[in-house]
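Number of protein chains: 2
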Amino acid sequence: MERTDEAPTVDAPQGPPLRAIADAVRRERTRRELSLGELARRAGLSKSTLSQLESGAGNPSVETLWALAVALGVPFARLVETPAQPVRVVRFGHAAPLTSESAPFTSALLSACPPGARRDLHLVTGEPGAAREAHAHIPGTVEHMLVTAGRWVAGPEGEQVELGPGDYACFPGDRPHTYTALAAGSAAMLVMEYT
Amino acid sequence: MERTDEAPTVDAPQGPPLRAIADAVRRERTRRELSLGELARRAGLSKSTLSQLESGAGNPSVETLWALAVALGVPFARLVETPAQPVRVVRFGHAAPLTSESAPFTSALLSACPPGARRDLHLVTGEPGAAREAHAHIPGTVEHMLVTAGRWVAGPEGEQVELGPGDYACFPGDRPHTYTALAAGSAAMLVMEYT
DNA sequence: ACGCCGTGTTCGTCAAGTCGAACGAGGAGA
DNA sequence: TCTCCTCGTTCGACTTGACGAACACGGCGT
């Protein structure tokens, strides 16, 4: 396998949460009071495969995970959801560009909008000094930050990242977080996303 | 691999949409005007792996798909979404039971509620005769039907399934669909889900 | 004490996913 | 035309996921 090398486009690689998947499967299974063998039978898998999967070892195929999702009666995405969204950073110039219809423009998709979500736009400017502290917003809130000028350190408590012009980061807004400008005339676009 | 045997709990097995995944990856990639090799490089995959994946052959691992989702900047679930939700049937007695806290009750989870969705409950009764035609509702609507008595044929145009007492089916409500009672005194619970 | 289920784990084997390299097809430029 | 580059595909070799069987553990009835 060997895919320890990060994808060059993204810091905080957000590796496949195999551990989280394992826990999710076991949690959903025990919630239904199903034995490992019984779930394996219903999903058409072998006990050994399911055992390894739940122990966190291995890297299941889509087919395998899908069979489990069907047998458990949960949507597929439920098994691969990460309970706490990690910080995701896209460095300037490393975003996947979006097609621009052969027009003299370039566009980059930083974050696909989840269906049913509302996004408000803000422009923030700051000067070096004390950090701007923001309290936790309502659960499900996600903040997107795209630096336009200067230099920032931003993110949730203890997980701040440093961003330069063009850098992008998104992080959960339902935990305490801060913004700190490191250079004079720092500015950034802030997108608040509510679900 | 060989998992052609259906999971015993569900008709319309809703097999892993490998074809849909393949198309989704290719669509997202071409939208960004990325070459196959470039995306493979960013995702840390080999060109051959990505080529096979996009051609519909194979059954990628979670790690592989995850790397692609990160490199494309889309949420993981986006790649495994089925554009048109198929009909899903759970036969009576084959649902995964939900824990009942050692009480003398049994509960079965037929469909986990998507976050942010609203669900209205209806009781429908019918006698054998003409089909009850329902027009398409607003997009995103999903209908859940649990038969309590008699016998029904229900579902979207051309994809109707026959259901007996205790049987459950869910299908998209944003396409024309019908309900037809086959026995006297037929009844069913209908759950309309709006996102 | 036994045997008989049930649980979940570990083992060896086979099939399949992944990789790197080589391949043919198509353009751009000299 | 020839060359060079990039596109995406196909090939063999390696790695690894999935399977089936055997395993240890625990509860229950005889």
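Taken in sequence, the protein lines are chains A and E. Just so you know, we're using this note's numbering here: the first sequence kicks off at 1 and counts up by one. Just so you know, we're using this note's numbering here: the second sequence kicks off at 196 and counts up by one. No residue lacks a Cβ here, since even glycine has one placed at the ideal position from N, Cα and C. Keep in mind that this is a model prediction, so the values were computed, not measured.
Give me the chain E residues within the contact set of residue i, using Cβ-Cβ distance strictly less than 9 Å, ordered along the chain.
{"i": "serine 35 of chain A", "result": "Under the 9 Å cutoff, chain E gives no residues; its nearest Cβ is about 12 Å from serine 35 of chain A."}
Mind listing the chain A neighbours of residue i? Cutoff is C-beta to C-beta under 8 Å, in chain order.
{"i": "proline 255 of chain E", "result": "Ser61 and Val62"}
For chain E, is any of its Cβ atoms less than 8 Å away from the one on residue i?
{"i": "valine 161 of chain A", "result": "no"}
{"i": "phenylalanine 76 of chain A", "result": "yes"}
{"i": "alanine 95 of chain A", "result": "With a pLDDT of 49 at alanine 95 of chain A, under the threshold of 50, the modelled position of this residue cannot be trusted; read the value that follows with caution. For alanine 95 of chain A, the answer is yes, since a Cβ of chain E falls inside 8 Å of its Cβ."}
{"i": "valine 87 of chain A", "result": "Confidence in valine 87 of chain A is poor, its pLDDT being 49 and thus under 50, which makes the residue's placement too unreliable to answer from."}
{"i": "glycine 173 of chain A", "result": "no"}
Taking 8 Å as the CB-CB cut-off, is residue i touching chain A?
{"i": "valine 396 of chain E", "result": "A query on residue 396 of chain E cannot be resolved here, the shown segment of chain E reaching from 196 to 390 and no further."}
{"i": "leucine 260 of chain E", "result": "yes"}
Going along chain E, which residues have a C-beta under 8 Å from residue i?
{"i": "leucine 18 of chain A", "result": "Val257 and Glu258"}
Would you mind reading off the limits of the alpha helix (DSSP H) that contains residue i?
{"i": "leucine 65 of chain A", "result": "62-72"}
{"i": "alanine 238 of chain E", "result": "231-238"}
{"i": "alanine 20 of chain A", "result": "18-31"}
{"i": "glutamate 249 of chain E", "result": "242-249"}
{"i": "arginine 175 of chain A", "result": "Premise fails: arginine 175 of chain A is in no alpha helix (DSSP H) and is neither H nor E."}
{"i": "alanine 57 of chain A", "result": "Per DSSP, alanine 57 of chain A belongs to no alpha helix (DSSP H) and is neither H nor E."}
{"i": "alanine 272 of chain E", "result": "271-275"}
Report yes if the C-beta distance between residue i and residue j is below 8 Å; otherwise report no.
{"i": "alanine 272 of chain E", "j": "leucine 240 of chain E", "result": "no"}
{"i": "serine 381 of chain E", "j": "arginine 346 of chain E", "result": "yes"}
{"i": "alanine 71 of chain A", "j": "arginine 42 of chain A", "result": "yes"}
{"i": "alanine 344 of chain E", "j": "proline 371 of chain E", "result": "no"}
{"i": "leucine 245 of chain E", "j": "leucine 231 of chain E", "result": "yes"}
{"i": "valine 153 of chain A", "j": "threonine 180 of chain A", "result": "yes"}
{"i": "glycine 368 of chain E", "j": "glutamate 338 of chain E", "result": "yes"}
{"i": "proline 75 of chain A", "j": "alanine 69 of chain A", "result": "yes"}
{"i": "alanine 22 of chain A", "j": "leucine 53 of chain A", "result": "yes"}
{"i": "alanine 235 of chain E", "j": "lysine 242 of chain E", "result": "yes"}
{"i": "threonine 373 of chain E", "j": "glutamine 355 of chain E", "result": "yes"}
{"i": "alanine 364 of chain E", "j": "methionine 340 of chain E", "result": "yes"}
{"i": "glycine 155 of chain A", "j": "phenylalanine 171 of chain A", "result": "yes"}
{"i": "leucine 163 of chain A", "j": "valine 257 of chain E", "result": "no"}
Quick one: give me the first and last residue of the beta strand (DSSP E) that residue i is part of.
{"i": "alanine 183 of chain A", "result": "Neither: alanine 183 of chain A is in no beta strand (DSSP E) and is coded neither H nor E."}
{"i": "glutamate 162 of chain A", "result": "161-163"}
{"i": "glycine 350 of chain E", "result": "347-351"}
{"i": "alanine 169 of chain A", "result": "168-172"}
Examine the ligand PLP and report whether any of its heavy atoms sits within less than 7 Å of the Cβ of residue i.
{"i": "arginine 41 of chain A", "result": "The model on display carries no ligand, and the ligand PLP is accordingly not part of it."}
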